[in-house]
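**Q** From first to last, the protein sequence lines are chains A, B and C. If you read the first sequence in the working numbering, its first letter stands for residue 1, the second for the next number, and so on. If you read the second sequence in the working numbering, its first letter stands for residue 1001, the second for the next number, and so on. If you read the third sequence in the working numbering, its first letter stands for residue 2001, the second for the next number, and so on.
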Amino acid sequence: MDNSNALPISGPLDILRKVSPALERYTTEVLIGDVWRRPQLSARDRSILTLSVLIARNQSEQMPDYLDAALDQGVKPGEIAEMIAHLAFYSGWANAVAAAKVVQPVFERRGVQAGLLPPGDARLLPVNRPAEDRRHRVVKRKFGEVAPGLVQITQDVIFQDLWLRPDLSPRDRCLVTICSVIATAQTAQLAFYLNRAMDHGVSRAELSELMTHLAFYSGWSSVYTALAVAKEVFESRPD
Amino acid sequence: MDNSNALPISGPLDILRKVSPALERYTTEVLIGDVWRRPQLSARDRSILTLSVLIARNQSEQMPDYLDAALDQGVKPGEIAEMIAHLAFYSGWANAVAAAKVVQPVFERRGVQAGLLPPGDARLLPVNRPAEDRRHRVVKRKFGEVAPGLVQITQDVIFQDLWLRPDLSPRDRCLVTICSVIATAQTAQLAFYLNRAMDHGVSRAELSELMTHLAFYSGWSSVYTALAVAKEVFESRPD
Amino acid sequence: MDNSNALPISGPLDILRKVSPALERYTTEVLIGDVWRRPQLSARDRSILTLSVLIARNQSEQMPDYLDAALDQGVKPGEIAEMIAHLAFYSGWANAVAAAKVVQPVFERRGVQAGLLPPGDARLLPVNRPAEDRRHRVVKRKFGEVAPGLVQITQDVIFQDLWLRPDLSPRDRCLVTICSVIATAQTAQLAFYLNRAMDHGVSRAELSELMTHLAFYSGWSSVYTALAVAKEVFESRPD
């Protein structure tokens, strides 16, 4: 459900025209006219990436235009609900609460009832026990003495609960997390989540295009820093 | 003065219920129901950590709920005044000015008069001369040629003035600074302030719990990056 | 055109007086009374640095006072228009759109017409072909396989278009970019732009003073991280 007519106008173009004609041109010709139409990622995926960056960088005021576009392009309200919860953990609680305040009137206007959203106690996906045990063992060996409480919460709440909630796919959670990590300059955490994304079937071409899209929303500098990590991850894997 | 009834509801729960039932559950069960009640740090300390992250990340709009909780839990108005000045230097002037704008009506509503706040020309604590001379010598050797003006201001204004203002303890200034450094991804500055905190009597258990608390407010990624530094600092010290 | 009377009052001083007398004193005595008057950079340059940090950190709400001061000190409306477009790429589209929304009423109040701003299709400065070919070759060798699309856009849109728009000088674009890189903790990108600035005639003394100014607006931690890079760059160059 990739509807080009619903491409988000990123910010009111008439304001850009009055303040920065250069930015108006780059917005219409490059960002909307080219980047959003590139076939390597769907407009639905691009909406998820864009919203993730806006939430992770606490730019929720810019969300409304993108939210409507996202819902028109097939992102489900339940997926947005789960992205907000997911990013509470990865980018900070206040970011998620600010996002919820912006999303609430949009959901109301579009008739999205709370009863249609994934319940708090959703039935979880099965855990991949060997992979999760391996992850926990590595983290516990590194940080079990430094922060035993946090290592336990990371296992119980993040990897055996949040990531297993079914209404945002593990593949999409990887994309959301990678966006958050890049947008908040947390380079040291990136390799883990790039590998996790590839383990969940995200292709190199998709990750490469994620970087291209994020250059516009998270900034060129953040993405070039991330490319160095992506290069190492890509070269380290046989697939 | 740890008053559990005054635990901050982090964001209006009824909005979370309508937008992200998952986030509502994590907020009530995990963040309020567990993290804020963990005994390793008092609710008063947790309020200082939380406010520090909000100011350092320019999320002052989320401050009012936390401010009232902080004042109810025993954080003094003068301590908040000093935190704002401290974070002007560590996270940027605009962050502090934005925070002041949010705090002003809260102080007014609660009858906090300017006359009760620490004066601009407060009588300073005595400087620890050998330690400060050592710090200045190291910094001057490294950066004295690159940025002589800044190295001088760092000595005169930061370490021989700001840090010696008596209405926020050196111990609390260490916590505030560590929160700012983690929340703004300034990993390279973290080891210095973790060591400084331990020199001022902050225990490993408290720093570990600071990391756990910050995972929720500054985001999981930022804290896992910080844990690697904390581990090195802990292992490098005999105490 | 360095008009000391137009020095920006950074935030309403009467609010600071009611909330943090310490911050009021540091603002009047240190920031306005000393830093903004230091001769190593003009007030015009300091305005460009300050606005760049505010846009890069999405603190546009603090912009109005600084904008009026900037225009009074000789920053041209067209330069502000170009800074916004430049920072869309370096710090993210949403930052630039938020800035445009704040600048628009200021331009309107001061009678700045869109027709006076640099057009979207401005006639470009000549490209420095050998330098640009060298840059592209290095980036293509490193990231051409990982992100071919982005490497191409970087050449076509950033270095053969944006940087060649004549209404913000290459020297000023270097300063703006360095501010964005420091303010968003993108340390890995800093050496490239410090070298680029020096290639465009920015002196060590000016870069050193940029760091001093940014300590106040981007925060002490971010600047000390940057100093380590500046030191390496300075020592690596014969000039």
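The beta-carbon is built from N, C-alpha and C at its ideal position, and this holds for glycine as well. Note that this is a predicted model, so its numbers are computed, not measured.
To the nearest angstrom, how far is the alpha carbon of residue 2219(C) from that of residue 1089(B)?
**A** 6 Å
**Q** Assign residue 1104(B) to one of two classes, buried (16 or more other C-beta atoms within 10 Å of its C-beta) or exposed (fewer than that).
**A** buried
**Q** Give me the subset of the region 1112-1143 of chain B whose CB atoms are less than 9 Å from a CB atom of chain E, sorted by chain position.
**A** The structure shown contains no chain E; its protein chains are A, B and C.
**Q** Can you find a CB in chain C that lies within less than 8 Å of the CB of residue 1165(B)?
**A** yes
**Q** Looking only at its own chain, which residues have a Cβ that is under 7 Å from the Cβ of residue 2173(C), when we skip the five neighbours before and after it?
**A** 2086, 2163
**Q** Could you tell me the alpha carbon to alpha carbon distance between residue 1232(B) and residue 19(A), rounded to whole angstroms?
**A** 49 Å
**Q** So what's residue 234(A) in DSSP terms, helix, strand or just coil?
**A** helix
**Q** Using CA atoms only, rank isn't needed, just tell me which of 1037(B), 1112(B), 1202(B) is closest to residue 1239(B).
**A** 1202(B)
**Q** Around the C-beta of residue 1235(B), are 16 or more other C-beta atoms found within 10 angstroms, so that it is buried, or is it exposed?
**A** Looking at its Cβ environment, which holds fewer than 16 other Cβ atoms inside 10 Å, residue 1235(B) is exposed.
**Q** So what does DSSP say about residue 2185(C), is it helix, strand or coil?
**A** coil
**Q** Mind checking residue 2081(C): buried by the 16 CB within 10 Å criterion, or exposed?
**A** buried
**Q** Can you confirm whether the region 2051-2070 of chain C touches the region 173-192 of chain A when touching is taken to mean that 3 or more C-beta pairs between the two stretches lie within less than 8 Å?
**A** no
**Q** Count the other CB atoms, across all protein chains shown, that sit within 10 Å of the CB of residue 2189(C); report buried if there are 16 or more and exposed otherwise.
**A** buried
**Q** Can you tell me the Cα-Cα spacing of residue 155(A) and residue 129(A), whole angstroms?
**A** 12 Å
**Q** Of all the residues that make up the region 1080-1107 of chain B, which are near chain C by a beta-carbon distance shorter than 7 Å?
**A** 1081, 1082, 1084, 1085, 1088, 1089, 1090, 1091, 1092, 1093, 1094, 1096, 1097, 1098, 1100, 1101, 1103, 1104, 1107
**Q** What residues in the region 1024-1036 of chain B have a beta carbon less than 7 Å from any beta carbon of chain A?
**A** 1024, 1025, 1026, 1030, 1031
**Q** Going by beta carbon distance, what residues of the same chain come within less than 7 Å of residue 1122(B), once the five residues before and after it are set aside?
**A** 1165, 1166, 1167
**Q** In angstroms, rounded to a whole number, what distance separates the CA positions of residue 1214(B) and residue 1152(B)?
**A** 32 Å
**Q** Among 197(A), 120(A), 97(A), 230(A), which one has its Cα closest to the Cα of residue 1060(B)?
**A** 97(A)
**Q** Quick check on residue 2224(C) - is its C-beta less than 8 Å from some C-beta in chain A?
**A** no
**Q** So, for residue 2112(C): in the same chain, excluding its five sequence neighbours on each side, which residues have a beta-carbon less than 6 Å away from its beta-carbon?
**A** 2077
**Q** When you compare only the Cα positions, how much space is there between residue 2092(C) and residue 2148(C)?
**A** 20 Å
**Q** Determine the chain B residues that contact residue 2211(C) at a beta-carbon separation under 7 Å, and present them in chain order.
**A** 1147, 1150
**Q** Closer than 8 Å, CB to CB, is residue 1050(B) near chain C or not?
**A** Contact with chain C is absent for residue 1050(B), since none of that chain's Cβ atoms lies less than 8 Å from the residue's Cβ.
**Q** With a threshold of 8 Å on Cβ separation, who are the neighbours of residue 2192(C) within its own chain once the five nearest residues in sequence on each side are excluded?
**A** none
**Q** Are there 16 or more other CB atoms within 10 angstroms of the CB of residue 1021(B), so buried, or fewer, so exposed?
**A** buried
**Q** Closer than 8 Å by beta-carbon distance: list the chain A residues that pair up with residue 1021(B), in chain order.
**A** Contact annotation for residue 1021(B) against chain A: 81, 114, 117, 118, 119, 120 [CB-CB distance below 8 Å, chain order].
**Q** Taking only three categories from DSSP, how would you classify residue 47(A)?
**A** helix
**Q** Under 8 Å between beta-carbons, which chain A residues line up against residue 2233(C)? List them in chain order, please.
**A** The contacting residues do not exist; residue 2233(C) stays about 16 Å from chain A at best.
**Q** Given that a residue counts as buried once 16 or more other Cβ atoms are within 10 Å of its Cβ, and exposed if not, what is residue 1210(B)?
**A** buried
**Q** Tell me the start and end of each unbroken alpha helix (DSSP H) in the region 1182-1225 of chain B that is at least 4 residues and wholly inside, in chain order.
**A** 1190-1199, 1204-1218
**Q** Using a Cβ-Cβ cut-off of less than 8 Å, give me the residues of the region 2192-2210 of chain C that come near chain A, in sequence order.
**A** If the cut-off is 8 Å between Cβ atoms, the region 2192-2210 of chain C has nothing near chain A.
**Q** Under the rule that 16 or more other beta-carbon atoms within 10 Å means buried, what is residue 2118(C), buried or exposed?
**A** buried
**Q** Is there at least one Cβ from chain B nearer than 8 Å to residue 180(A)'s Cβ?
**A** yes
**Q** Taking Cβ to Cβ, would you say residue 1062(B) is nearer than 8 Å to residue 94(A)?
**A** yes
**Q** Does DSSP put residue 60(A) in a helix, a strand or coil?
**A** Residue 60(A): helix per DSSP, three-state reduction.
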